[in-house]
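**Student:**
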Amino acid sequence: MSINIKVITANNPGPTTNNGTNTYIIGDQELIIIDPGPKSESHFSNIRKYIKNIPVKMILITHHHLDHIGLLVDLCNLTDAKIYLDKIQLKKLLEVYPDIKKYTKILNKNIMFENVIIEPIYSPGHASDHFCFRIPGEVIFTGDHIMGWSTTMIRKPDGDMGQYIQSLNKISKYTKEIFLPGHGNKIVDGQKRCEELIDHRNKRSNQILRILEERDLEAHEITKIIYKKISKKLITYAELTVEASLDEMIARNLIEKKSVNNKYIYSIRT
41 MSINIKVITA NNPGPTTNNG TNTYIIGDQE LIIIDPGPKS ESHFSNIRKY
91 IKNIPVKMIL ITHHHLDHIG LLVDLCNLTD AKIYLDKIQL KKLLEVYPDI
141 KKYTKILNKN IMFENVIIEP IYSPGHASDH FCFRIPGEVI FTGDHIMGWS
191 TTMIRKPDGD MGQYIQSLNK ISKYTKEIFL PGHGNKIVDG QKRCEELIDH
241 RNKRSNQILR ILEERDLEAH EITKIIYKKI SKKLITYAEL TVEASLDEMI
291 ARNLIEKKSV NNKYIYSIRT
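Throughout the sequence shown, residue numbering follows the numbering used here, covering 41 to 310 in sequence.
1) Which word fits Gly60, buried or exposed, when buried means at least 16 other C-beta atoms lie within 10 angstroms of its C-beta?
2) Buried or exposed for Lys298, going by 16 or more other Cβ atoms inside 10 Å?
3) Write down the C-beta distance between Tyr204 and Ala259 rounded to the nearest angstrom, noting that I regard them as a contact closer than 8 angstroms.
4) Could you tell me whether the Cβ of Ile290 comes closer than 8 angstroms to any Cβ of chain C?
5) Taking buried to mean at least 16 other C-beta atoms within 10 Å of its own C-beta, is Pro164 buried or exposed?
6) Three or more C-beta pairs closer than 8 angstroms, one from the region 101 to 109 and one from the region 125 to 139: is that the case here?
7) Which residue from Asp239, Ile65 and Ile151 puts its Cα closest to that of Ile94?
8) What does DSSP give as the partner residue(s) for Tyr306 in the beta ladder?
9) Taking only three categories from DSSP, how would you classify Ile270?
10) Could you round the C-beta distance between Asp169 and Lys132 to whole angstroms and report it? I think they count as a contact, below 8 angstroms.
11) Which residue comes first and which comes last in the beta strand (DSSP E) that contains Leu71?
12) Buried or exposed, going by whether 16 or more other CB atoms sit within 10 Å of the CB of Thr57?
13) For the region 103 to 165, which segments carrying the alpha helix (DSSP H) assignment without a break, of at least 4 residues, lie completely within its bounds, in sequence order?
14) Under 8 angstroms: do the region 182 to 189 and the region 228 to 243 share three or more Cβ pairs, one atom per stretch?
15) DSSP state of Lys92, grouped into three classes?
16) Can you name the start and end residues of the beta strand (DSSP E) that Asn62 belongs to?
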């Protein structure tokens with residue numbers, strides 16, 4: 041690999057974070073930090089120990105969720121680095137940190153760093169402001185968009201299953217890069233993983249159609265049929281993704297949603 045990449049994993053394991061959030065630090069003489077991670081003194085300490093007195097050129101974020109940006113302001117104050125981000129990201133970030141604008145610069149082109157290109161790739165779906173970052177021929181930092189240990193949770197209204205699938209198709213075109221996700225280990229064959237996730241979503245849609253061919257149901261009823269053996273800790277997350285799948289299927293005119301006795305019922309579109 042032509043550039044040094046260090047991963048520091050935060051101690052925030054959980055149902056949606058696997059063994060913790062990955063912070064990536066790129067470079068040697070200067071550094072770029074991708075996703076500072078959650079608000080955690082131990083994680084902040086580990087980042088400080090690694091960067092020491094090496095100048096930080098910029099901070100990048102994949103999206104605005106707090107397990108990825110909890111240390112954002114602390115890291116800006118520590119390093120004097122700016123957050124380089126898209127206008128879409130800035131809008132979402134201001135919802136979390138209303139005073140963050142003074143730390144930001146708008147990024148609207150590729151980044152040249154230590155003789156490599158870092159290409160921002162807009163990849164909405166998990167979040168409306170999600171970006172992946174690609175070093176051509178080497179790696180793609182995939183945030184929460186693509187992970188090896190799990191499928192990605194899509195939570196409305198900011199998450200969108202249709203956009204998620206479109207973004208998977210976009211990223212699947214890159215065949216030479218290793219994927220470095222926001223949670224979990226590296227994915228050596230990124231294209232194969234994209235294809236697996238797209239296939240999984242197609243199978244899930246077909247499964248929902250088969251269920252609704254039997255009878256009309258609410259989202260939580262569909263979830264219980266699909267996820268019969270899932271842990272109680274995960275059932276809420278599963279229902280959120282089922283609801284996102286249902287909305288995507290409505291957009292494709294496969295099913296419809298009706299309000300019946302103050303409940304939302306889904307049925308095959310006739």
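Every residue gets a Cβ at the ideal spot worked out from N, C-alpha and C, and that includes glycine.
Bear in mind that the values here come from a model prediction, so they are computed numbers and not experimental data.
**Tutor:** Looking at the atomic coordinates:
1) Within the sequence shown, residue 60 is the residue found at index 20, counting from 1. Gly60 is buried by the Cβ-count criterion.
2) Here residue 298 is taken as the residue at index 258 of the sequence shown, counted from 1. Counting Cβ neighbours within 10 Å, Lys298 comes out exposed, since fewer than 16 surround it.
3) The residue given as residue 204 occupies position 164 in the sequence shown. The residue given as residue 259 occupies position 219 in the sequence shown. That belief does not hold up - the Cβ atoms of Tyr204 and Ala259 are roughly 17 angstroms apart, past 8 angstroms.
4) Note that chain C does not occur in the displayed structure, where there is just one protein chain.
5) Within the sequence shown, numbered from 1, the residue matching residue 164 stands at position 124. Burial call: buried.
6) yes
7) Taking the sequence shown and counting its residues from 1, the one referred to as residue 94 is at position 54. Residue Ile65 is the option with its Cα nearest to Ile94.
8) Taking the sequence shown and counting its residues from 1, the one referred to as residue 306 is at position 266. Leu257 and Lys297.
9) Here residue 270 refers to the residue found at position 230 of the sequence shown. If DSSP states are grouped into helix, strand and coil, Ile270 belongs with coil.
10) Taking the first residue of the sequence shown as 1, we reach residue 169 at position 129. Taking the first residue of the sequence shown as 1, we reach residue 132 at position 92. Confirmed, Cβ separation roughly 4 angstroms.
11) In the sequence shown, the residue the question calls residue 71 occupies position 31. Unbroken beta strand (DSSP E) run through Leu71: Leu71 to Ile74.
12) If you number the sequence shown from 1, residue 57 lands on position 17. Buried, because 16 or more other Cβ atoms sit within 10 Å of the Cβ of Thr57.
13) 106 to 109, 112 to 119 and 127 to 136
14) yes
15) Against the sequence shown, residue 92 aligns to sequence position 52. Coil, per DSSP.
16) In the sequence shown, counting from the first residue as 1, residue 62 sits at position 22. Here the beta strand (DSSP E) through Asn62 covers Asn62 to Ile66.
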